[in-house]
Amino acid sequence: MEADMNRRGFTILETVSSLLIIGILVNIAIPNYIKAKKSAEAANIIQEMDIIKKAVLMYYSDNNEWPPDTWWGVIPKELKPYLPNSIDFDKNPVLDVKYSLDNYIGNTDFQKKYGLFDVAVSVHSTDAALINSLKNISTGNLISSKGFFNNKRLYLIIKSVEN
698 MEADMNRRGF
708 TILETVSSLL
718 IIGILVNIAI
728 PNYIKAKKSA
738 EAANIIQEMD
748 IIKKAVLMYY
758 SDNNEWPPDT
768 WWGVIPKELK
778 PYLPNSIDFD
788 KNPVLDVKYS
798 LDNYIGNTDF
808 QKKYGLFDVA
818 VSVHSTDAAL
828 INSLKNISTG
838 NLISSKGFFN
848 NKRLYLIIKS
858 VEN
């Protein structure tokens, strides 16, 4: 039986080789894409925390008092006029991220136990990759001098105990 040299198509070896190369490229590309996406999300979170901090400082400047403490995902109603509409304290279900305004002025139990800050913006997430990206991005950023991590939370200090 004579081989048909005019036959078009790929041999099984060529097909398997191509699929193997594509598989290797996908295994390299997908983790890098996920890492880049988490880094972009973390950069956006840090930017939003800075916007919230500025809104809190404007509120303080206008009212000579700090906005009240809030639970995760709840914007203090007093702060809403100072924030752009794009800021949402609860990013679920899109992102596993919630912001909180922490006001511990007058809370002597907290101050005795921790004594780190009076007012801060904090962000919480259970997404380990996002937390790692936040840690990586916040190093060398304004967060590194005015913030800290505690568990799965990043705090940006607005008013420290010394102020």
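Numbering of the sequence shown is given in the working numbering, commencing with residue 698 and proceeding in unit increments. The beta carbon of each residue, even a glycine, is placed where N, CA and C say it ideally should be.
query	result
Validate contact between the stretch 766 to 779 and the stretch 733 to 740 using beta carbons, cut 8 Å, 3 pairs	no
Cβ-Cβ separation, P781 to I748 (assumed contact under 8 Å), whole Å	7 Å
CB contact flag (V820, M746, <9 Å)	yes
Identified DSSP bridge partners for R850	H821 and N847
6 Å CB neighbourhood of D824 in its chain, flanking five on each side removed	D793
For N724 and F845, the rounded distance between their alpha carbons	34 Å
Contact between the stretch 747 to 762 and the stretch 846 to 857 (3+ Cβ pairs under 8 Å)	yes
Span separating the alpha-carbon of L827 from that of I784	19 Å
Residue burial classification, L798 (beta-carbon count within 10 angstroms, cutoff 16)	buried
Proximity of V771 and V816 at Cβ, strictly below 9 Å	no
In DSSP terms, what Y796 is bridged to	V820
Status (buried if at least 16 other CB within 10 Å, exposed otherwise) for M698	Unreliable positioning characterises M698 in this predicted model, as indicated by a pLDDT of 47, which lies under 50. A coordinate reading is not provided.
Counterpart residues of F814 in DSSP-defined beta bridges	S857
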